[in-house]
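Participant:
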Amino acid sequence: MSDRTGIFAGDDPFAIAAAWLKEATATELNDPNAIALATVDPTGLPNVRMVLLKEIEGRDAPSGGAFVFYTNYGSRKGQELDASGKAAFVMHWKSLRRQIRVRGLVTREEGPQADAYYASRSLQSRLGAWASHQSQPLSSRGALMAEVAKVTALKGPNPKRPPFWGGYRITPLEVEFWADGAFRLHDRFRWERSDFASDWRCDRLNP
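Quick note on the numbering used here: the sequence shown kicks off at 77 and runs consecutively.
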């Protein structure tokens with residue numbers, strides 16, 4: 077569109093998202109890569125929680141472009157993602173007064189890419205992934221720390237990635253970019269496609 081210029085310019089929504097995240101990394105106080113991830117349970121009741129986005133894959137990647145994060149597959153979010161195969165998230169930056177909304181289909185990332193990310197984490201975080209039965213009832217903080225100590229003794233200084241822990245890749249069918257405007261006349265552009273083989277269509281939306 078003729079007026080899609082400046083921070084909205086370009087023909088690749090993944091490149092725009094990556095540019096916004098890079099800019100936010102220099103301005104946002106904490107966790108510029110935090111996203112509010114939405115899933116639904118088997119009854120259709122939604123759940124939402126904050127997770128950290130770890131990678132924006134460009135359209136030249138094997139995935140064709142996607143957003144990647146990591147978690148415990150046995151967690152509530154993992155179970156709901158596996159059951160529905162769908163998710164949405166919003167990434168909001170107060171410092172920039174911008175947000176990105178994404179809706180799409182979900183697949184697991186549990187190969188070498190997940191292994192590499194797991195290995196890049198601190199040892200404490202790697203051991204914590206083994207120790208935590210995420211989303212399950214916990215009797216006390218002490219019980220959790222006891223499990224961490226047990227895992228530390230069993231797994232040693234270089235634990236492998238747990239088979240129940242890995243990545244999820246959200247491949248979008250819709251990406252919306254929003255920026256604050258004067259008098260609440262915000263700028264919104266929605267990139268949309270009917271399937272992964274289709275071209276993107278980009279429309280300006282009313283604020």
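Glycine is no exception: its CB is placed at the ideal position from the N, C-alpha and C atoms. Since we're looking at a predicted model, the values are computed, not measured.
When DSSP labels each residue in this structure, what does TRP34 get in the three-state scheme?
Facilitator: What the structure shows of the chain is the stretch from 77 to 283, and residue 34 is not part of that stretch, so it cannot be assessed.
Participant: Of the residues VAL178, ARG245 and ALA95, which one's Cα is nearest the Cα of SER139?
Facilitator: ARG245
Participant: Could you pull the DSSP bridge partners for THR147 from this structure?
Facilitator: GLY242
Participant: How should SER208 be labelled, buried or exposed, when 16 other C-beta atoms within 10 angstroms of its C-beta is the threshold for buried?
Facilitator: buried
Participant: I'd like to check one pair, ASP158 with ARG149: are the Cβ atoms closer than 9 Å?
Facilitator: Note on identity: in this sequence residue 149 is Tyr, with Arg being the wrong assignment. In contact: TYR149 and ASP158 (Cβ atoms closer than 9 Å).
Participant: Taking the beta carbon of PRO233 as the centre, do at least 16 other beta carbons fall within 10 Å, making it buried, or is it exposed?
Facilitator: exposed
Participant: If we ignore side chains and look at the alpha-carbon of each, how far apart do ASP88 and VAL178 end up?
Facilitator: A direct Cα-Cα distance of roughly 14 Å separates ASP88 from VAL178.
Participant: What's the call for LEU129, buried or exposed, on a 16-neighbour Cβ count within 10 Å?
Facilitator: So LEU129 ends up on the buried side.
Participant: So which of ARG125, ALA102 and HIS262 has the shortest CA-CA distance to ARG280?
Facilitator: HIS262
Participant: Starting from the C-beta of ASP271, find all residues in its chain whose C-beta is less than 8 Å away, skip the five residues before and the five after it, and write them out in chain order.
Facilitator: Taken in chain order, the residues that qualify are LEU249.
Participant: Could you give the first and the last residue of the continuous alpha helix (DSSP H) run that contains GLN200?
Facilitator: 199-207
Participant: Tell me which same chain residues have a C-beta within less than 7 Å of the C-beta of ARG135, skipping the five on either side of it?
Facilitator: ASP88, PHE90 and GLY141
Participant: Name the DSSP bridge partner or partners of VAL166?
Facilitator: Its beta-bridge partners are ALA112 and ARG177.
Participant: Whose C-alpha, out of TRP267, ARG277, ALA192 and ALA258, is nearest the C-alpha of PRO283?
Facilitator: ALA258
Participant: May I ask you to verify whether the stretch 109-116 touches the stretch 190-210, counting CB pairs closer than 8 Å and requiring at least 3?
Facilitator: no
Participant: Considering only the alpha carbon of each residue, which of TYR194, ARG217 and ARG264 lies closest to TRP206?
Facilitator: Selected option, being the one with the closest Cα: TYR194.
Participant: Count the C-beta pairs between the stretch 234-244 and the stretch 182-191 that are closer than 8 Å, then say yes if the count reaches three, no if not.
Facilitator: yes
Participant: So is GLU131 buried or exposed if we call it buried at 16+ other beta carbons inside 10 Å?
Facilitator: buried
Participant: Closer than 7 Å by C-beta to VAL124: which residues in its own chain qualify, once you throw out the five before and the five after it? Chain order, please.
Facilitator: The residues are ALA112, LEU113 and ALA114.
Participant: Got a sec? Which residues, its chain only, sit under 6 Å from GLY180 by beta carbon, not counting five neighbours each side?
Facilitator: Setting aside the 5 residues that flank it on each side, GLY180 is surrounded in the same chain by ILE246, THR247, PRO248 and LEU249, each with a C-beta closer than 6 Å to its C-beta; the list follows chain order.
Participant: Using only alpha-carbon positions, find the residue among THR183, VAL127 and GLU156 that is nearest to GLY120.
Facilitator: GLU156
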